[in-house]
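Under this note's numbering, think of the first position of the sequence shown as 41, with each following residue one higher.
Think of the CB as a built atom: it goes at the ideal place given N, C-alpha and C, for glycine as much as any other residue.
Beneath this line is the structure, given in structure tokens, with notes to follow.
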Amino acid sequence: MSGLSDFRGRWFVVKIGGELAMDKPKLASSVGAAVRAFLDAGIRVAVIHGGGPQATEMQKRLGLQPTMVAGRRYTDEATLEVMKMTLAGQVSVDVASAFRIAGVPALCTTGMSAGLIDAKRRPPKVMSGAGPDPVDLGLVGDVTGVNTEAFQRISDAGFVPVLGSLSGDAQGNVFNVNADTVATRVAAKLGAAKLFLVSNVPGVLANKDDPSTRLPTLTPAEARAKIASGVIQGGMIPKVEESLEMLEEGIEAIHIVGISPNDAVLREAEKAGSQGTAFLRG
Numbered sequence: 041m042s043g044l045s046d047f048r049g050r051w052f053v054v055k056i057g058g059e060l061a062m063d064k065p066k067l068a069s070s071v072g073a074a075v076r077a078f079l080d081a082g083i084r085v086a087v088i089h090g091g092g093p094q095a096t097e098m099q100k101r102l103g104l105q106p107t108m109v110a111g112r113r114y115t116d117e118a119t120l121e122v123m124k125m126t127l128a129g130q131v132s133v134d135v136a137s138a139f140r141i142a143g144v145p146a147l148c149t150t151g152m153s154a155g156l157i158d159a160k161r162r163p164p165k166v167m168s169g170a171g172p173d174p175v176d177l178g179l180v181g182d183v184t185g186v187n188t189e190a191f192q193r194i195s196d197a198g199f200v201p202v203l204g205s206l207s208g209d210a211q212g213n214v215f216n217v218n219a220d221t222v223a224t225r226v227a228a229k230l231g232a233a234k235l236f237l238v239s240n241v242p243g244v245l246a247n248k249d250d251p252s253t254r255l256p257t258l259t260p261a262e263a264r265a266k267i268a269s270g271v272i273q274g275g276m277i278p279k280v281e282e283s284l285e286m287l288e289e290g291i292e293a294i295h296i297v298g299i300s301p302n303d304a305v306l307r308e309a310e311k312a313g314s315q316g317t318a319f320l321r322g
């Protein structure tokens, strides 16, 4: 664990895609085990989770048709209710269950709780991959604040804050916020040494259908060139764009990494680019 001791007392932020919560033993043995190792090394950890696959499945069961725009979910009132059911309910409990298997003291909630994450409704804006016109995503929020003191107190009490990406404002309005967005904002405000964006994707691939084309490291300039040339596309575009923004706000390294092999996250933490794609300030 030699590579981790340098980060004692610092924050690591881990974002996990909702699809990972569908296999609790796998989540426990991969992300859960890595978080446990981080804690054992004296590192503070915060976890943000999404719930896209579960929300899509629930929408279909309720007879609702999911609408995606450039990798982002359009959120109307009915969709927001689904997000509450999945993020604050199903996925939250499943992640808590997996982390218990791994011996991680997870305190699972959402960004609404205690004002951990403040957000406001996102105005229509031009989005990469969605054409030249501004796009209105409905009841989708932009993060306006992070209660870093509350994160610190939760960590001081011996718990790992685990948040579903619902956030809101002091008037009680609730917004669906992209989990990558929440994770990058939290990491920036906490001054995190590392942010891990963990999913079934092993990193940024030069050929999206060929895992062997994983790009170990990317500077901001290289990443923007990959977006412009179409190498980075679809749902990976907002993930990468958020990463580049937050590098400029002080996160030291951002890692897009998968969970195969089981110790991929831990090995990526110890050596950047060994298992995923690391965005480093260039």
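- For a cut-off of 8 Å, the C-beta gap from G151 to L203 is around 5 Å, short enough to register as a contact.
- Beta-bridge partners assigned by DSSP to R140: none are found.
- A61 and V135 do touch by the CB rule: their CB atoms are close to 5 Å apart, below 8 Å.
- At a Cβ-Cβ threshold of 7 Å, A159 and T119 do not count as neighbours.
- For the options T259, W51, G111 and K55, the alpha carbon positioned closest to that of V297 is the one of K55.
- Taking L179 as the centre and dropping the five residues before and after it, the same chain places the C-beta of T115, D116, E117, T119, L120, R161, V214, F215 and N216 closer than 8 Å to its C-beta, in chain order.
- Minimum Cα-Cα distance from V200 among the listed residues A95, A142, R113 and H295 corresponds to A142.
- Ranked by how close their Cα comes to the Cα of E289, the residues D250, V226, P106 and A138 have V226 in first place.
- If you draw a straight line from the Cα of M125 to the Cα of S207, it is about 14 Å long.
- For K234, the enclosing beta strand (DSSP E) stretches over residues K234 to V238.
- Counting along the chain, S207 sits inside the beta strand (DSSP E) bounded by residues L206 to G208.
- A distance of 7 Å or more separates the beta carbons of S283 and F236.
- Look at the beta carbons and you see the segment 74-93 touching the segment 46-55: at least three pairs across the two are nearer than 8 Å.
- Scanning A309, M167, T221 and R254 for the CA closest to the CA of G43 turns up A309.
- In the same chain as I291, and ignoring 5 residues on each side of it, the C-beta atoms closer than 7 Å to its own belong to A227, A228, A232 and L235, in chain order.
- DSSP places K55 in the strand class (E or B) of the three-state scheme.
- In the structure shown, F199 falls within a coil segment according to DSSP collapsed to helix, strand and coil.
- Going by DSSP, T184 is part of the beta strand (DSSP E) stretching over G181 to V186.
- In this structure, P251 lies away from G313, with their beta-carbon atoms at least 7 Å apart.
- From the listed residues T149, P174, K165 and R76, the smallest Cα separation to S205 is found for T149.
- Nearest in C-alpha terms to T317, of all of H295, L306 and A74, is H295.
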